[in-house]
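Notes follow once the structure below has been shown.
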Amino acid sequence: MITAALILTFVFLYTVGPTVFIRIFGIGIHKYGNRENMIALTFDDGPDPIYTPLLLELLEQHHAKATFFVVGSKARAFPNIVQDIQNRGHTIGLHNDVHLSNWLLPPFLFKRQLKKAQASIQKITGEQPMYYRPPWGHFNLFTLSSSQPLQTVMWTAIPGDWKANVNPPKLASLLKEARKSGAIITLHDSGTTLGADVRAPENTLKALEIFLADEKSADYQFVTVHTILNPPARGKE
Numbered sequence: 001m002i003t004a005a006l007i008l009t010f011v012f013l014y015t016v017g018p019t020v021f022i023r024i025f026g027i028g029i030h031k032y033g034n035r036e037n038m039i040a041l042t043f044d045d046g047p048d049p050i051y052t053p054l055l056l057e058l059l060e061q062h063h064a065k066a067t068f069f070v071v072g073s074k075a076r077a078f079p080n081i082v083q084d085i086q087n088r089g090h091t092i093g094l095h096n097d098v099h100l101s102n103w104l105l106p107p108f109l110f111k112r113q114l115k116k117a118q119a120s121i122q123k124i125t126g127e128q129p130m131y132y133r134p135p136w137g138h139f140n141l142f143t144l145s146s147s148q149p150l151q152t153v154m155w156t157a158i159p160g161d162w163k164a165n166v167n168p169p170k171l172a173s174l175l176k177e178a179r180k181s182g183a184i185i186t187l188h189d190s191g192t193t194l195g196a197d198v199r200a201p202e203n204t205l206k207a208l209e210i211f212l213a214d215e216k217s218a219d220y221q222f223v224t225v226h227t228i229l230n231p232p233a234r235g236k237e
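In UniProt numbering, the protein residues as written are 1 to 237.
Below is the structure:
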């Protein structure tokens with residue numbers, strides 16, 4: 001009984017405890033930006049060979065910039081899409097090398113696979129990524145320290161678009177509710193990860209079309225996390 005209790009305590013302190021503490025108190029992470037009339041749309045789990053190109057076209061039509069937290073193994077599988085993301089002026093962040101919860105990774109393994117993802121993105125884009133988001137928003141005891149100097153970006157709102165039963169009008173309504181200055185909104189451009197529906201990004205694209213075309217969205221500029229987290233240079237406002 002004592003051994004079981006010790007094991008459970010260790011598991012809690014390594015996984016759930018850090019996740020709850022970091023996400024509630026915002027220690028070492030960014031949950032929102034500080035720029036007026038700006039919103040950062042972010043997309044996790046890609047790149048996807050079908051949905052990411054469609055998303056890029058949609059964002060282009062609405063003059064919107066975004067941030068893509070890509071999975072390293074998928075980036076290596078679809079380097080041309082990653083290059084297209086970069087060429088269109090979006091920001092690329094890391095979402096682990098494989099879409100595994102950090103609860104399952106010991107520190108050395110986490111650091112190894114994060115470095116692999118970093119190297120892959122740098123090889124494809126010629127630039128070192130600056131931002132990181134853990135899959136499922138899961139932290140372990142060493143996630144923040146081991147991911148330095150990357151900045152960890154979470155979210156102001158996450159509408160749950162990975163489920164196909166969240167239809168486009170409902171999802172668009174949730175996006176409108178999240179529409180405020182400094183918001184960082186998390187969506188997904190791939191439905192191939194555990195717990196997601198493969199065709200869910202279809203609804204995301206339809207909902208985004210409704211949301212971006214809404215007249216009240218015209219009051220906001222849709223920018224990258226780099227823009228929303230950093231004040232403009234003096235005289236550049």
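Idealized CB from N, CA, C, for every residue including glycine.
Query - Simplified DSSP state of Tyr220, which is helix, strand or coil - result: Taking the first residue of the sequence shown as 1, we reach residue 220 at position 220. If DSSP states are grouped into helix, strand and coil, Tyr220 belongs with coil.
Query raised in the report: Taking only runs of the alpha helix (DSSP H) that begin and end inside the stretch 133-164, which ones reach a length of at least 4 residues, in chain order?
Result: 143-146
Query raised in the report: At a cut of 8 Å, does the stretch 190-204 reach the stretch 48-56 through at least three beta carbon pairs?
Result: yes
Query - Proximity below 8 Å, CB of Gln86 to CB of Thr42 - result: For the purposes of this step, residue 86 is taken as the residue at position 86 of the sequence shown. For the purposes of this step, residue 42 is taken as the residue at position 42 of the sequence shown. In this structure, Gln86 keeps its C-beta atom at 8 Å or more from the C-beta atom of Thr42.
Report task. Out of His226, Ser173, Pro231, point me to the one whose CA is closest to Ala66's CA. Result -> In the sequence shown, residue 66 corresponds to position 66, counting from 1. For Ala66, the closest alpha carbon among the candidates His226, Ser173, Pro231 is that of His226.
**Report entry** Contained beta strand (DSSP E) runs [length at least 3] in the stretch 53-84, N- to C-terminal order
**Finding:** Counting only runs that start and end inside the stretch 53-84, the beta strand (DSSP E) elements of at least 3 residues fall at 67-70.
Query raised in the report: Should Leu171 and Ala213 be called a contact, given that it needs their Cβ atoms to be closer than 8 Å?
Result: Walking along the sequence shown from the start, residue 171 turns up at place 171. Walking along the sequence shown from the start, residue 213 turns up at place 213. Going by C-beta atoms, Leu171 is not nearer than 8 Å to Ala213.
Requested in this report: Just the C-alpha distance for Lys74 and Asp48, rounded to the nearest angstrom, thanks.
Outcome: Counted from its first residue, the sequence shown places residue 74 at position 74. Counted from its first residue, the sequence shown places residue 48 at position 48. Looking at the two C-alpha atoms, the distance is approximately 8 Å.
Query raised in the report: Per DSSP, which one or two residues make a beta bridge with Asp44?
Result: The count along the sequence shown starts at 1 and reaches residue 44 at position 44. Bridge partners of Asp44: Phe69, His188.
Query - Per-residue DSSP class, three states only, for Thr125 - result: Reading the sequence shown from its first residue, position 125 is the one you call residue 125. DSSP places Thr125 in helix when its eight states are reduced to three.
Query - Terminal residues of the alpha helix (DSSP H) in which Thr3 lies - result: For the purposes of this step, residue 3 is taken as residue 3 along the sequence shown, with counting starting at 1. Thr3 -> alpha helix (DSSP H) spans 2-14.
Query raised in the report: In this structure, does DSSP put Thr193 in helix, strand or coil?
Result: Working through the sequence shown from its first residue, we reach residue 193 at position 193. It is coil, neither helix nor strand.
Report task. Could you please give me the residues that DSSP links to Ala183 through a beta bridge? Result -> The sequence position of residue 183 within the sequence shown is 183, counting from 1. Partner(s): Tyr32.
Query raised in the report: Leaving out five residues before and five after Lys62 in sequence, what residues of the same chain have Cβ atoms less than 6 Å from its Cβ?
Result: Numbered from its first residue, the sequence shown carries residue 62 at position 62. Reading off the sequence, residue 62 comes out as His, not Lys. Once the five neighbours on either side are set aside, the close Cβ partners of His62 are Leu212.
Query raised in the report: In terms of residues, what are the limits of the alpha helix (DSSP H) holding Leu174?
Result: In the sequence shown, residue 174 corresponds to position 174, counting from 1. 168-177 is the span of the alpha helix (DSSP H), which, as asked, contains Leu174.
Query raised in the report: Applying the criterion that 16 or more other CB atoms from any shown protein chain within 10 Å of the CB defines a buried residue, is Ile27 buried or exposed?
Result: Translated into the one-based positions of the sequence shown, residue 27 becomes position 27. It is exposed - the Cβ of Ile27 has fewer than 16 other Cβ atoms within 10 Å.
Query raised in the report: Skipping 5 residues on each side, what residues in its chain have a beta carbon closer than 7 Å to that of Val223?
Result: Mapped onto the sequence shown, residue 223 falls at position 223. Excluding residues within five positions, the ones whose Cβ falls inside 7 Å are Met38, Ala40, Lys65.
Query raised in the report: Would Pro232 be called buried (16 or more neighbouring beta carbons within 10 Å of its own) or exposed?
Result: Taking the first residue of the sequence shown as position 1, residue 232 is located at position 232. That one is exposed.
Requested in this report: Could you give the DSSP three-state label for Ile24: helix, strand or coil?
Outcome: Taking the first residue of the sequence shown as 1, we reach residue 24 at position 24. Note: Ile24 maps to helix in three-state DSSP.
Query - Cβ contact (3+ pairs, closer than 8 Å) linking the stretch 137-145 and the stretch 163-180 - result: no
Query raised in the report: Starting from Leu229 and walking both ways along the beta strand (DSSP E), at which residues does that stretch end?
Result: Start at 1 with the first residue of the sequence shown, and residue 229 comes out as number 229. No beta strand (DSSP E) contains Leu229, which is instead part of the alpha helix (DSSP H) from 225-229.
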